[in-house]
Amino acid sequence: MKKFVQSAIFIAAAFSVLSSVNVSAQGDALQADGTAKAAKLAPYQQRDFQDEVFYFVLPDRFYNGDESNDLGAAANDKKRAISRGGLDKSHKGMYHGGDLAGLTEKLPYLDNMGITAIWLTPVLRNQAMQADTSGYHGYWILDFTEIDPHLGSNADLKHFIDQAHKRNIKVFFDIITNHTADVIKYKECHGDDGLGWIVKGNDCPFKSLAQLAKGDTYTPLIPQGDENLKTPAWLNDIDVYHNQGDSNWVGESSIRGDFAGLDDVDTNSDKVVDGMIDIYKAIIDEFKPDGFRIDTVKHVNMEFWQAFSPALMTHAKAQGIDNFFMYGEVYSFEPEFLSRYTKQGKLPSVLDFAFQQAMQHSLVDQKGTDVLAKLFAQDHFYRTAHTDISNTDANQLVNFTGNHDMGRFAYLLKQSKHNYSEAEQIQRNLLANAMMYFSRGVPVVYYGDEQGFVGDGGDQASRQDMMPSQVASYNDDDLLATDKTTAVDNFDTNHLFYQTFSKYAELYQQYPALRFGQQRTLYSQNTPGIFAIQRTYTSQGKTQKLVLVFNTANKAQSLDVIGNKQKVGLVYESAENKKDYIEPLSFAIYQVN
Ligand SMILES: [Ca+2]
Ligand SMILES: [Ca+2]
Ligand SMILES: [Ca+2]
Ligand SMILES: [Ca+2]
Numbered sequence: 004m005k006k007f008v009q010s011a012i013f014i015a016a017a018f019s020v021l022s023s024v025n026v027s028a029q030g031d032a033l034q035a036d037g038t039a040k041a042a043k044l045a046p047y048q049q050r051d052f053q054d055e056v057f058y059f060v061l062p063d064r065f066y067n068g069d070e071s072n073d074l075g076a077a078a079n080d081k082k083r084a085i086s087r088g089g090l091d092k093s094h095k096g097m098y099h100g101g102d103l104a105g106l107t108e109k110l111p112y113l114d115n116m117g118i119t120a121i122w123l124t125p126v127l128r129n130q131a132m133q134a135d136t137s138g139y140h141g142y143w144i145l146d147f148t149e150i151d152p153h154l155g156s157n158a159d160l161k162h163f164i165d166q167a168h169k170r171n172i173k174v175f176f177d178i179i180t181n182h183t184a185d186v187i188k189y190k191e192c193h194g195d196d197g198l199g200w201i202v203k204g205n206d207c208p209f210k211s212l213a214q215l216a217k218g219d220t221y222t223p224l225i226p227q228g229d230e231n232l233k234t235p236a237w238l239n240d241i242d243v244y245h246n247q248g249d250s251n252w253v254g255e256s257s258i259r260g261d262f263a264g265l266d267d268v269d270t271n272s273d274k275v276v277d278g279m280i281d282i283y284k285a286i287i288d289e290f291k292p293d294g295f296r297i298d299t300v301k302h303v304n305m306e307f308w309q310a311f312s313p314a315l316m317t318h319a320k321a322q323g324i325d326n327f328f329m330y331g332e333v334y335s336f337e338p339e340f341l342s343r344y345t346k347q348g349k350l351p352s353v354l355d356f357a358f359q360q361a362m363q364h365s366l367v368d369q370k371g372t373d374v375l376a377k378l379f380a381q382d383h384f385y386r387t388a389h390t391d392i393s394n395t396d397a398n399q400l401v402n403f404t405g406n407h408d409m410g411r412f413a414y415l416l417k418q419s420k421h422n423y424s425e426a427e428q429i430q431r432n433l434l435a436n437a438m439m440y441f442s443r444g445v446p447v448v449y450y451g452d453e454q455g456f457v458g459d460g461g462d463q464a465s466r467q468d469m470m471p472s473q474v475a476s477y478n479d480d481d482l483l484a485t486d487k488t489t490a491v492d493n494f495d496t497n498h499l500f501y502q503t504f505s506k507y508a509e510l511y512q513q514y515p516a517l518r519f520g521q522q523r524t525l526y527s528q529n530t531p532g533i534f535a536i537q538r539t540y541t542s543q544g545k546t547q548k549l550v551l552v553f554n555t556a557n558k559a560q561s562l563d564v565i566g567n568k569q570k571v572g573l574v575y576e577s578a579e580n581k582k583d584y585i586e587p588l589s590f591a592i593y594q595v596n
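Numbering (the working numbering), first residue to last: 4 to 596.
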């Protein structure tokens, strides 16, 4: 083991594109506490996006470091009264008290797991309540200039970023340009005072541009007293919204409709394009984040991204954030469609929903490994040449196995018709995560996955607490690989998944071919079984070539299919393989000389 580690480090050093691996003085101090791993990597300012291992977290559900902010805005804060309340730790749709102070306190836990970048759900100030649930998730922004008081202050966010950066960990914000909180109402749906929605729910059918042209329009209004809720002030102008009613998720309504009442910004107007660019330039100036994850990208017109993305990338670089990066949420499982946003839309990257679906098809539904080959055969769609922003290719895609909307991979396994035993759910989960780390693309761990969280579904059901939970429907879950429940603290550094993800991260950092290598499929089949890829990376005249073999079947498979010369130089195997066979639901990595 020791010999392997030493040679791996040697190889990593020999191939590193980051030739100046200067560990900072702060890094030296942190290494002494036994948790610091990011400190051993190149300085965050110089690290490439492809060097990162992401952790995606809802701060409200993570850790409560400051109970004094649990209710949000102070009782005597008249200006922010709308951002007060919504706390109910026993309700999955309400605030639970987690905050930036809590995240800051738990940085060693993330660092020790090999996390190098943290993606936070939106942290800007929300409307605390809409209908009968709260803005605990952050996607209902009212004020684009300050932090939600449930999470802390602007100073708390700066402190968190400072502490993360001291550990050599990057921080990414989740940003929204598509909509604001639900303030604007329609007389036709919500009555003359705009207050009827509480009783009737959202029932404002979308009106198309064709209908508008014929005079069939809604009469938008802002209820009395709500005229100045939003910041910056231009967002309080009713004319900067589409005002066409609720989206039915297809066609024109997908771009111009409100999401269940959330005010859909008129991103077709120059005023809005400029306004949104200014909002996020100011966020970059004030907080110096390392990048943005962008929400609801496909619900905004392409022309908006063509202006927004270059403007923000250029601005961040001018502010000295040389490796600033952005990736969009385009909720689609079609690579060609996803790639439109990196090519036409000029976004550096997107979340790879197609990858997530291929994981589900191969490891939950037991389709053949050719579903993986078909996915990666479409990687060419992402090749772009707009070098003014970044060189996008599939290596920069953002891999994930599940999320806060669709639910966790563990949930998909649990509800499968195949009735997997817990042991098999564990193996399939770990194999999906191995593919997420080691296939082309940048891995994202959804918080709690490393503790065996499962959940009863998507959305609220997949947003469990890491701190002791009071939500009954979370606490009755049977977590994987532990006897614990979510009723207790789950920052267990001995959990099998935490330990395994930590090992994956270590391999990811040791072998540049796992981060930067061009990927080629060597073998796939139309049944569960072997999927083999090669990843080749050349730097300074030296080539590192790895062969990765995954077995998605629950029987051992012959390795003969990949050929003898591919099997030399074992780097890692997740199960102990017998000669020429790979164990069920396991993987192995070989180095080819
Ligand atoms: Ca709190
Ligand atoms: Ca929209
Ligand atoms: Ca609305
Ligand atoms: Ca449950």
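The C-beta atom is built at its ideal place from N, Cα and C for all residues, glycine as well.
Check, Outcome
"Contact under 9 Å by Cβ, TYR47 with HIS168", "yes"
"ASP480 CB to nearest heavy atom of ligand 4 below 8 Å", "yes"
"Contact set, ligand 3 heavy atom to C-beta under 7 Å", "ASP185, VAL186, ILE187, LYS188, ASP261, GLY264, LEU265 and ASP266"
"Residues of its chain near PRO587, where Cβ-Cβ distance is below 7 Å and the 5 sequence neighbours each way are ignored", "ASN554, ALA556, ASN557, LYS558 and ALA559"
"SER527 (DSSP reduced to helix, strand or coil)", "coil"
"VAL447 beta carbon less than 9 Å from that of LEU416", "no"
"Same chain, Cβ closer than 6 Å to THR1, five either side skipped, listed in chain order", "There is no way to answer for residue 1, as the model of the chain reaches only from 4 to 596."
"Reference GLN359, options PHE311, TYR440 and ILE286, closest by Cα", "TYR440"
"Terminal residues of the alpha helix (DSSP H) in which SER312 lies", "305-321"
"Cross-strand partners of GLN560 (DSSP beta bridge)", "ILE585"
"Cα-Cα separation, PHE379 to GLY218", "48 Å"
"Check: GLU108 C-beta below 8 Å from any heavy atom of ligand 1", "no"
"First and last residue of the uninterrupted alpha helix (DSSP H) at GLN467", "Looking at the DSSP string, GLN467 is not in any alpha helix (DSSP H), and its letter there is neither H nor E."
"Contact under 9 Å by Cβ, VAL174 with ILE187", "no"
"Given 8 Å, three or more beta-carbon pairs between the segment 534-552 and the segment 515-524", "yes"
"Minimum length 4: unbroken alpha helix (DSSP H) runs contained in the segment 190-257", "190-193, 200-203 and 212-216"
"Simplified DSSP state of ASN596, which is helix, strand or coil", "coil"
"Check whether THR148 and PRO235 have beta carbons under 9 Å apart", "yes"
"Endpoints, the beta strand (DSSP E) within which ALA535 is located", "533-542"
"Which listed residue (ASN596, ASP293, GLY461 and VAL374) has its alpha carbon closest to that of ILE172", "ASP293"
"Residue(s) in a DSSP beta bridge with PHE176", "LEU123 and PHE295"
"Beta-bridge partners of GLY331, as assigned by DSSP", "ILE297 and VAL353"
"Whole-Å CB distance - GLN467 paired with THR489, under 8 Å assumed", "5 Å"
"Closer than 8 Å: GLU70 CB and nearest ligand 1 heavy atom", "yes"
"Buried versus exposed call for HIS421 [16 or more other C-beta atoms within 10 Å across all chains shown]", "exposed"
"In DSSP terms, what ASP146 is bridged to", "ARG128 and THR234"
"Beta-bridge pairing of VAL268 - partner residues as DSSP gives them", "TYR244"
"Contact between the segment 243-250 and the segment 206-214 (3+ Cβ pairs under 8 Å)", "yes"
"Assumed close pair GLY138, GLY96 - CB separation to whole angstroms, cut-off 8 Å", "Contact flag wrong, Cβ pair sits at about 10 Å."
"Cβ-based burial, ILE233 [other Cβ within 10 Å; buried from 16]", "For the sequence presented, residue 233 should be read as Lys rather than Ile. LYS233 comes out buried."
"Expected contact under 8 Å - CB spacing of SER342 and MET329 to nearest Å", "The Cβ separation is near 15 Å, so there is no contact."
"Own chain residues within Cβ distance below 6 Å of GLY278, not counting five before or after", "TRP237"
"ASN246: CB within 8 Å of a non-hydrogen atom of ligand 2", "no"
"Collapsed DSSP secondary structure at THR38 in the structure displayed", "coil"
"Near ligand 4: TYR477 beta-carbon under 8 Å from a heavy atom", "yes"
"Nonlocal neighbours in the same chain, by C-beta distance under 8 Å from SER93, ignoring five residues either side", "GLN473, VAL474 and ALA475"
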